[in-house]
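Participant:
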Amino acid sequence: MGENVIKGEDYYLLKDLRFKIEGDEEGFSLCFWVYLMKSTTFSATLISQVDIGGNAPFLALNEKKILMLFPFISLHKEAPDPGKSAPLTELQHASMDTEFPLESWIHVGCRVSTDSVQLHIDGEIVAEKPVSSSFCKGSMSNSRTKITLVGSNMQGYVHDAKILPLNLSIKDHYHKDPPLLLSIDTSSASEIEEDSDGVWSIVGGKASCRRIFSLDVVLLNAFGQPVNKEVEITAALLYADNGILVEKTSDGEAPLLTSYDGIEFPTYDRPSKLLNGRASFKLKISQLSSKCDNRLFCIRFEVPKLVGFPFLEVLSYPIRCISRTRTIRTFSVPFKRTPASIHPTNGSQSCGFDDGSLKIHHNTVLEAKPSPSSKRVRLEQEKISAMEQLDGECSPHPLTANKAEGTFAKGLDGTHENTEDADVSPADYESKGVRNVALKNSGKSVSDLTIFKYCLGGLADRSHLLKEIVTSFSDEEILEFAHQVSIYTGCSHHRFQIMTAKRLIEEGRNAWNLISQNNPHVHWDCAVFEIEEQFKKISCCSTRPLSHQDFELLRRIAGCRDFLAQENFEKLWCWLYPVAFTLSSDWINKTWRSTSPKWIEGFITKEEAEYSLQGPRGLQEPGTFVLRFPTSRNWPHPDAGSLIVTYVGSDYTLHHRQDRENSLSLLQI
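Per our numbering, residue 6 is the first one in the sequence shown, and the count goes up by one each step.
Rendered as structure tokens:
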């Protein structure tokens, strides 16, 4: 039975790879399977060779993701000097001609002899470098030399790493024990429609409406062959944009259900067993995209006893869960703001505005959305309070407590609302006075069409609209616009992003002028100083400088290499400004300043956060967590600048939770 299960100890982190090579050996072969994550930053060393004098690269990837094998310290005259650092391209090496694949299992063989080094990929020689031998058989200096091959902190996993004598075949090792991975067999899918944008459409919602759809998950080896193991597979519904578990419905139903003999169960209660390498799922989705800000979902399949290994989990295509009553309609008359016309469309669809008319294309979901919850209301008050406290170095914000009180603390009928879990129909909207609010404010400067353009548009559309609005309207009119957007989107977080727009745009423009000095491009190394100064000013924190890791993430967000253009800076600014503004709040500023313990790790990606929670044999203990700012949340996204906690749950799975109220309580403990 032991041979028919997946053993977690067969897979470990690259950083845990370690082999000692005796100095009197005339050669060896290092063979291993490696799985590298896409979040890796290049260039990077995979394996170092370490002696008493220091360390030097043995296997590395350059900035173009080309794998390079270097001569060995104790055998070759051309070996890199452990005491000196030099660019990888200036060292003698053997390298493959093509880019190294990421997030797939690749077999690597390194054959080191006295006169050459050979690089093998998937059992075949891809590069060879002749070298001069420095080995003297029987020499005392050789016998005293011990070299240790050590894996780096690069985000990757290793399987079946071995040191072989030169007389054994690397190709035999390649065929002997290939690693495993999960995959979705899309040919088995049923009751799933694929839209033109590649998104799956699945009918879900209430019990009387949702349909069963089928998917098969297969366990394969690295050669693509099915493997039969005694393994259970679980399924979970996530948000496609951030990987967070989708919450239960307003009726308390699990978002993803499985059907057995006509009875529905939450998928976490009924895992599916592999049979001949295949697990079949009959699933239903109870949550609708329209009830979740029109966000897309995806399904994660994983082995529950081996959570944390990315190759033993697989995500489906993005899913748009629609109601069975979906209709496709085109509105060709001028779009007027009435309760009957506030049904939101899916945010991923295109909306055209021509001659004052709104055309909604493809998959209009006639589902109304709840009003902002009291949780969000209270937390927006926290943000306004933080904005009002800014003075001196932190640049005061022109919002007043009186405005905040009327805008943030009350519902449409003047009372606090808690409709987070309510199933609201169009009639509910009318009863809450949306029509009256719209009529009462019909004389304000920002038009109804602009409000609906903003509500239905994507991030780029919203950013463009806000840049026009802040230059044309007063602060009071912008505040009213923010209030209306919050009503019609059902999300009060939009209000904060709109009200910070003028300051964000003005300070961003001033910062770019300081950095660029009227030049179209600025070298990144010249820009980082002013970027950090702006960050310290906005965050009101000068005691914790940004690290090299922080700047590397900012560079990736900006999408630049050595030179920064204004377009790159604006991308960076739209992410950095909300983060810095969040850090200016008293309740989190102290947390950011603390470095012992370091409560907030810094600017890291989701993948880096997950990697930091890995131990030598899987995940760390339940309760271990990392606080981070999501890299996918740029202004004017309603959650730009928010904190996410990535943690190990009691079920030994990774969770990503974005709950502003709970996060606040956590940080105050």
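Every residue gets a Cβ at the ideal spot worked out from N, C-alpha and C, and that includes glycine.
1. Near Thr-254, what residues of its chain come up, given a Cβ to Cβ distance below 6 Å and the 5 sequence neighbours on each side ignored?
2. Output the boundary residues of the alpha helix (DSSP H) element that contains Val-490.
3. Could you tell me how far apart the beta carbons of Leu-74 and Ser-138 are, in whole angstroms, since I believe they sit closer than 8 Å?
4. So who's on the other strand from Met-73, going by DSSP bridges?
5. Hey, out of His-642, Leu-659, Ser-637 and Trp-597, whose CA is closest to Pro-618's CA?
6. Less than 6 Å between C-beta atoms, sequence neighbours within five positions excluded: which residues of the same chain meet that for Tyr-179?
7. Who does Asn-523 pair with in a DSSP beta bridge?
8. Roughly how many angstroms separate the alpha carbons of Val-236 and Arg-305, rounded to a whole number?
9. Assign Val-490 to buried or exposed, taking buried as 16 or more other Cβ atoms, counted over all protein chains shown, within 10 Å of its Cβ.
10. Beta carbon of Thr-596, beta carbon of Gly-646: below 7 Å?
11. Rounded to the nearest angstrom, what separates Ser-599 and Ile-520 at their Cα positions?
12. Let me make sure I understand the geometry here. Which of Pro-106, Ala-563, Ile-503 and Lys-167 has the alpha-carbon closest to that of Phe-486?
13. Based on the DSSP output, what are the partners of His-469 in its beta bridges?
14. Can you list, in chain order, the residues of its chain with a C-beta nearer than 7 Å to that of Gly-282? Leave out the 5 residues immediately preceding and following it.
15. DSSP three-state call for Asn-226: helix, strand or coil?
16. Whose CA, out of Phe-608, Trp-604, Thr-239 and Thr-610, lies closest to the CA of Val-630?
17. Suppose the cutoff is 7 Å on Cβ atoms and the five residues either side in sequence are ignored; what does the same chain contact list for Val-93 look like?
18. Does the stretch 94 to 105 come close enough to the stretch 157 to 169 to have 3 or more Cβ pairs within less than 8 Å?
19. Check for me: the alpha helix (DSSP H) holding Val-500 runs from which residue to which?
20. Taking DSSP's pairing of strands, which residues face Pro-271 in a bridge?
21. On a Cα-Cα basis, can you pick out the residue from Lys-310, Ala-241, Leu-288 and Ile-649 that is closest to Ser-195?
22. Applying the criterion that 16 or more other CB atoms from any shown protein chain within 10 Å of the CB defines a buried residue, is Ser-192 buried or exposed?
23. Give me the Cβ distance between Ile-249 and Arg-633, rounded to the nearest whole Å; I'm assuming they're in contact under 8 Å.
24. How about Cys-36 and Gly-114: are their beta carbons less than 7 Å apart?
25. Would you mind reading off the limits of the alpha helix (DSSP H) that contains Ile-593?
26. If you scan the stretch 135 to 210 from start to end, which runs of the alpha helix (DSSP H) of 4 or more residues do you find wholly inside it?
27. Inspect the beta-carbon positions of Tyr-17 and Val-312 and report whether they are closer than 7 Å.
28. Which residue comes first and which comes last in the alpha helix (DSSP H) that contains Leu-51?
29. Does the distance from the CB of Gln-675 to the CB of Val-653 come in under 7 Å?
30. Can you give the Cα-Cα distance for Ile-130 and Leu-51, rounded to whole angstroms?
31. Let me check understanding here. Comparing Cα to Cα, which of Leu-558, Cys-460, Leu-185 and His-553 lies closest to Val-308?
32. How many Å lie between His-469 and Lys-176 at the Cα?
33. Assuming contact is defined by CB atoms lying nearer than 7 Å, are Asp-2 and Asp-165 in contact in what I supplied?
34. DSSP three-state call for Arg-638: helix, strand or coil?
35. So is His-642 buried or exposed if we call it buried at 16+ other beta carbons inside 10 Å?
36. If I'm right that Asn-247 touches Pro-635 with Cβ under 8 Å, what's the distance once you round it to whole angstroms?
Facilitator: Concretely, from the data shown:
1. As a first step, residue 254 must be located in the sequence shown, where it is residue number 249. Around Thr-254: Ser-291 and Gln-292.
2. Here the question's residue 490 lines up with position 485 in the sequence shown. Run containing Val-490: 480 to 494, per the alpha helix (DSSP H) assignment.
3. The residue given as residue 74 occupies position 69 in the sequence shown. The residue given as residue 138 occupies position 133 in the sequence shown. Taking a contact as a CB-CB distance under 8 Å, the pair Leu-74 and Ser-138 does not count as one, their CB atoms being some 17 Å apart.
4. In the sequence shown, counting from the first residue as 1, residue 73 sits at position 68. Partner(s): Ala-65 and Ser-100.
5. In the sequence shown, residue 618 corresponds to position 613, counting from 1. The sequence shown places Leu at residue 618, rather than the Pro named in the question. Nearest option by C-alpha distance: Leu-659.
6. Locating residue 179 in the sequence shown gives position 174, where the first residue counts as 1. If you ignore the 5 residues before and after Tyr-179, its C-beta comes within less than 6 Å of the C-beta of His-112 and Gly-128, all in its own chain and listed in chain order.
7. Here the question's residue 523 lines up with position 518 in the sequence shown. BP columns for Asn-523 are empty, so no partner.
8. Within the sequence shown, the letter at position 231 stands for residue 236. Within the sequence shown, the letter at position 300 stands for residue 305. Using only the alpha carbons, I get a separation of about 16 Å.
9. Against the sequence shown, residue 490 aligns to sequence position 485. Around the Cβ of Val-490, a 10 Å sphere holds 16 or more other Cβ atoms; the residue is buried.
10. Within the sequence shown, the letter at position 591 stands for residue 596. Within the sequence shown, the letter at position 641 stands for residue 646. No; because the gap between Cβ atoms is not below 7 Å, this pair is not in contact.
11. Within the sequence shown, numbered from 1, the residue matching residue 599 stands at position 594. Within the sequence shown, numbered from 1, the residue matching residue 520 stands at position 515. In a straight line, the C-alpha of Ser-599 is about 29 Å away from that of Ile-520.
12. Sequence index remark: in the sequence shown, residue 486 carries index 481 (1-based). Comparing alpha-carbon positions, the option among Pro-106, Ala-563, Ile-503 and Lys-167 lying closest to Phe-486 turns out to be Ile-503.
13. Counted from its first residue, the sequence shown places residue 469 at position 464. In DSSP, His-469 forms no bridge with anything.
14. One-based indexing of the sequence shown puts residue 282 at position 277. Taken in chain order, the residues that qualify are Val-223, Leu-224, Pro-231, Val-232 and Asn-233.
15. As a first step, residue 226 must be located in the sequence shown, where it is residue number 221. If DSSP states are grouped into helix, strand and coil, Asn-226 belongs with the strands.
16. Looking up residue 630 in the sequence shown gives position 625. Contrary to the premise, residue 630 reads as Phe rather than Val in this sequence. The shortest Cα separation from Phe-630 among Phe-608, Trp-604, Thr-239 and Thr-610 belongs to Trp-604.
17. Walking along the sequence shown from the start, residue 93 turns up at place 88. The residue asked about is misnamed: residue 93 is Leu in this sequence, not Val. These residues qualify, in order along the chain: Ser-48, Pro-62, Ala-65, Asn-67 and Met-73.
18. At 8 Å Cβ cutoff, the stretches do not touch.
19. What you label residue 500 is simply residue 495 of the sequence shown in a count that begins at 1. It should be pointed out that residue 500 corresponds to Arg in this sequence rather than to Val. Arg-500 -> alpha helix (DSSP H) spans 498 to 504.
20. Here residue 271 refers to the residue found at position 266 of the sequence shown. In the DSSP secondary-structure assignment, Pro-271 is bridged to Leu-262.
21. On the sequence shown, position 190 is the one that residue 195 refers to. Ser-195 has its Cα closest to that of Leu-288, out of Lys-310, Ala-241, Leu-288 and Ile-649.
22. Counting from 1 along the sequence shown, the entry for residue 192 is found at position 187. So Ser-192 ends up on the exposed side.
23. Numbered from 1 along the sequence shown, position 244 holds the residue referred to as residue 249. Numbered from 1 along the sequence shown, position 628 holds the residue referred to as residue 633. Incorrect: roughly 13 Å between the Cβ atoms, too far for contact.
24. What you label residue 36 is simply residue 31 of the sequence shown in a count that begins at 1. What you label residue 114 is simply residue 109 of the sequence shown in a count that begins at 1. Yes, these two residues count as a Cβ contact at 7 Å.
25. The residue you call residue 593 lines up with position 588 of the sequence shown. It spans 591 to 598 - the alpha helix (DSSP H) in which Ile-593 sits, taken as one unbroken run.
26. Taking 4 residues as the minimum length, the alpha helix (DSSP H) runs contained wholly in the stretch 135 to 210 are 145 to 149 and 175 to 181, in order along the chain.
27. As a first step, residue 17 is located in the sequence shown; it is residue number 12 there, counting from the start. As a first step, residue 312 is located in the sequence shown; it is residue number 307 there, counting from the start. Result no, Cβ atoms of Tyr-17 and Val-312 do not sit closer than 7 Å.
28. On the sequence shown, residue 51 is found 46 positions in, with the first residue counted as 1. Run containing Leu-51: none in the alpha helix (DSSP H); it sits in the beta strand (DSSP E), 49 to 56.
29. Within the shown structure, residues of the chain are numbered from 6 to 674, placing residue 675 beyond reach of any answer.
30. For this step, residue 130 is matched to residue 125 along the sequence shown. For this step, residue 51 is matched to residue 46 along the sequence shown. Answer to the nearest angstrom: the Cα atoms are 19 Å apart.
31. Position 303 of the sequence shown, counted from the start, is the residue given in the question as residue 308. Among Leu-558, Cys-460, Leu-185 and His-553, the Cα nearest to that of Val-308 belongs to Leu-185.
32. Against the sequence shown, residue 469 aligns to sequence position 464. Against the sequence shown, residue 176 aligns to sequence position 171. Taking the straight line from one Cα to the other gives about 57 Å.
33. The requested residue 2 does not occur in the structure, where the chain is confined to residues 6 to 674.
34. For the purposes of this step, residue 638 is identified with residue 633 of the sequence shown, where counting begins at 1. Three-state result, Arg-638: coil.
35. Along the sequence shown, one-based indexing puts residue 642 at 637. Classification for His-642: buried.
36. Taking the first residue of the sequence shown as 1, we reach residue 247 at position 242. Taking the first residue of the sequence shown as 1, we reach residue 635 at position 630. The Cβ separation is near 6 Å, so the contact holds.
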